[in-house]
Structure formats: structure tokens, C-alpha cells
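Numbering (the numbering used here), first residue to last: 2 to 166. Glycine included, C-beta positions come from ideal geometry on N, C-alpha and C. Just so you know, these numbers come straight off a predicted model, no measurement behind them.
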Amino acid sequence: MSSHRHLLSAALVAVATSFAPPTWAQTAADAATPRALVERYAAMKAARDATRLTELYRDNYIENTGRNPSGLAALTENWRAQFAAIPDLQITVHDIIVSGDKVVARVTYSGTHTTPFFAGIPPTGRKFTLGTIDIWRIEGGKFAEHWDQVDFAGLQRQLTAKAAP
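The following block contains the structure:
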């Protein structure tokens, strides 16, 4: 009877630990999972760190938004420009969905409009939030390609709305 209890205990422990939630980047293999890539992306954005993008992106990264050129060098410059334009930039990842070689994230960016951006709107000093749906294709454990949908209409409303009297 004792050996049955021991086997049952061992089986329960094995089952319980197999469902334990993963911690961020437990192993080198975990660090390259699509979910971990998005989490590392958000952490780097929050830390305003454009120096380690080679850890996340392939050199021949393809940007399909039409707003920015492709390539790692262009992406690095884009991040630096965002940090300069929005010094208090914050990022919140709400959802991450993985399917095959693609990962989708619903993200909100927020900050203060302190420099001209978005179609030349002069600085308003207003706080804003900007929602996006980002899709990345993963290749070799890194982001290889990107598409997004951005709520530019909502951003424009926030920055150009007349203040209440």
C-alpha cells in the first residue's frame, strides 16, 4: 500500500508541476518563444532600450505597415525617434495569441504629446493612449516580419479635440 501511495504522490506532483505557470524566459529555448518575444519587446520599449534589438529581430526584418522602412537599422532609428518624441512612453500588452509561426498582440501605448508627430499636429501637452493590434511572423526564434492595425483616428481625436470650457 505504501508503494502505491508513493507512486500516486509522485504522479500528482508530476501533473501539478506540469501545469505550473511559466516564468519569463525560464530557459534559452523559452526566451525564443513567440510569447516571450512579445514580453521582451514590451520590456525593451518600457525601458526605452533600442540597443539590443538584435536579440528580438532578424537583420532582414520586414516592416509591412508602409509607415517605416524594413531592416533592423531602420527599426532601431524608429524606436529612438519614438523615445525622443514621447519621453514618458508607456506600453501595456493586453493579449498575446500564438498561432503557428505568427504571434498577435493587442497593445496600448500611452504618453504625453510634447513634440510634433502624427501628421504634423503641433504639441498639445495632452496625455494620450494609442491602441494597436500587432502581428509578427517568427523565424529562427526572432521577429522576421510585422503588420499592424493602429487606432490613428482615436489618437487624432484625443490630440485635436477642443477642451471643455
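*Go through its chain and collect everything with a Cβ distance to residue 97's Cβ below 6 Å, but skip five positions before and after it.*
36, 39, 106
*For residue 122, does the count of other Cβ atoms within 10 angstroms reach 16, so buried, or fall short, so exposed?*
exposed
*Taking only the alpha-carbon atoms, compute the straight-line gap between residue 62 and residue 132 and give it to the nearest angstrom.*
23 Å
*Take residue 104 and list the residues in its own chain whose beta-carbon comes closer than 8 Å to its own, dropping the five residues that flank it on each side.*
35, 36, 38, 39, 97, 98, 136, 137, 139
*Are there 16 or more other CB atoms within 10 angstroms of the CB of residue 128, so buried, or fewer, so exposed?*
exposed
_Excluding the 5 residues flanking residue 54 on each side, which residues of the same chain have their C-beta closer than 8 Å to its C-beta?_
45, 73, 76, 77, 80
*Candidates 64, 114, 157: which alpha carbon is nearest residue 149's?*
64
*asked:* On a Cα-Cα basis, can you pick out the residue from 68, 93, 43, 82 that is closest to residue 57?
replied: 43
*Kindly indicate the opening and closing residues of the beta strand (DSSP E) around residue 79.*
That residue, residue 79, is in no beta strand (DSSP E); its alpha helix (DSSP H) goes 73-86.
*Of the residues 68, 151, 85, 69, which one's Cα is nearest the Cα of residue 116?*
85
*Given a threshold of 16 other Cβ atoms within 10 Å of its Cβ, counted over all protein chains shown, does residue 95 qualify as buried or as exposed?*
exposed
*Which residues in the same chain have their Cβ closer than 8 Å to the Cβ of residue 1, if we skip the five residues on either side of it in sequence?*
Only positions 2 to 166 of the chain appear in this structure, which leaves residue 1 out of reach.
*Just the Cα atoms here: how many angstroms apart are residue 26 and residue 126?*
Note that residue 26 scores 38 on pLDDT, short of 50, meaning its location in the model is unreliable and no value can be drawn from it.
*asked:* How far does the alpha helix (DSSP H) with residue 38 in it extend, from its first residue to its last?
replied: Counting along the chain, the unbroken alpha helix (DSSP H) around residue 38 starts and ends at 35-47.
*Figure out for me which residue from 52, 163, 155 has the closest Cα to the Cα of residue 109.*
155
*Taking 8 Å as the line, does the beta carbon of residue 82 fall inside it for any heavy atom of the ligand ATP?*
By its list of ligands, the structure shown contains no ligand whatsoever, and the ligand ATP lies outside what it can speak to.
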